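*Asks:* Take the sequence shown: its letters are residues 43 to 187, numbered as in our numbering. Before I ask anything, here is the structure I am working with.
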Amino acid sequence: MKYLIDTHIFLWSLFSPEKISKHVTTVIKESGNRIFVSTITFWEISLKFSLNKLALEGITSDELPEFANKMNFELLSLRAEDAASFYHLPRITHKDPFDRMLIWQAIREKMVLISKDSKIAAYQGFGLKILPLSQVLCIIYLPWF
Numbered sequence: 043m044k045y046l047i048d049t050h051i052f053l054w055s056l057f058s059p060e061k062i063s064k065h066v067t068t069v070i071k072e073s074g075n076r077i078f079v080s081t082i083t084f085w086e087i088s089l090k091f092s093l094n095k096l097a098l099e100g101i102t103s104d105e106l107p108e109f110a111n112k113m114n115f116e117l118l119s120l121r122a123e124d125a126a127s128f129y130h131l132p133r134i135t136h137k138d139p140f141d142r143m144l145i146w147q148a149i150r151e152k153m154v155l156i157s158k159d160s161k162i163a164a165y166q167g168f169g170l171k172i173l174p175l176s177q178v179l180c181i182i183y184l185p186w187f
């Protein structure tokens with residue numbers, strides 16, 4: 043199966059794997075699955091890094107494609123056809139252009155999108171396949187004091 047991980051899942055894979063559920067970890071490690079990181083993710087991270095809105099724990103965004111390769115993630119380039127046809131994806135619940143392009147790539151490439159973003163579920167009616175949010179997040183229950 044082919045999976046596209048969004049920016050949060052990619053960053054958590056690198057810096058905070060404990061935030062990823064056991065189910066997603068299993069999906070990522072399953073030898074028969076192909077896990078993709080989009081060039082859109084690298085663009086988003088680089089932009090936020092350059093604006094000092096994102097810290098990368100001692101590395102720069104230049105190094106991220108190499109880390110993706112070391113983790114056996116495949117790189118998904120933005121095809122001209124996907125960029126040119128992006129206008130077909132309606133702006134029903136999601137306005138973030140990075141997330142919307144990841145949604146569009148997942149639809150066009152027939153991939154399952156793994157994301158923590160609950161807004162993406164609204165795009166299932168347009169052909170998006172997702173892992174249910176309950177399978178993505180690692181929920182920690184803290185006792186009330």
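All C-beta atoms, glycine included, are put in the ideal place defined by N, C-alpha and C. Here the structure is a predicted model, which is why all the values come from computation and not from measurement.
(1) Going by alpha carbons, who is nearest to Pro54 out of Arg76, Leu173 and Phe109?
(2) According to DSSP, is Arg76 part of a helix, a strand, or is it coil?
(3) Tell me which residue opens and which closes the beta strand (DSSP E) that Leu117 is part of.
(4) Please classify Leu173: does DSSP put it in a helix, a strand, or coil?
(5) Going by alpha carbons, who is nearest to Val154 out of Lys61, Pro59 and Ser80?
(6) Are the stretch 138–149 and the stretch 68–82 in contact at 8 Å, needing three or more beta carbon pairs?
(7) Among the candidates Arg133, Phe128, Ser127 and Met143, whose CA atom is the shortest distance from the CA of Leu46?
(8) For Thr67, which residues from the same chain have a beta carbon less than 8 Å from its beta carbon, with the 5 sequence-adjacent residues on both sides left out?
*Replies:* Let's see:
(1) Locating residue 54 in the sequence shown gives position 12, counting from the first residue. In the sequence under discussion, the amino acid at residue 54 is Trp, which differs from the Pro named in the question. Comparing Cα positions, the closest option is Phe109.
(2) Taking the sequence shown and counting its residues from 1, the one referred to as residue 76 is at position 34. In this structure, Arg76 counts as strand in the three-state DSSP scheme.
(3) The residue you call residue 117 lines up with position 75 of the sequence shown. Glu116 to Leu118 is the extent of the beta strand (DSSP E) around Leu117.
(4) Here residue 173 corresponds to residue number 131 of the sequence shown, with the count starting at 1. In the structure shown, Leu173 sits in coil (DSSP, three-state: anything other than H, G, I, E or B).
(5) Taking the sequence shown and counting its residues from 1, one reaches residue 154 at position 112. Of Lys61, Pro59 and Ser80, the residue nearest in Cα terms is Ser80.
(6) yes
(7) Against the sequence shown, residue 46 aligns to sequence position 4. That would be Met143, whose Cα lies nearest to the Cα of Leu46.
(8) Working through the sequence shown from its first residue, we reach residue 67 at position 25. Around Thr67: Pro59.
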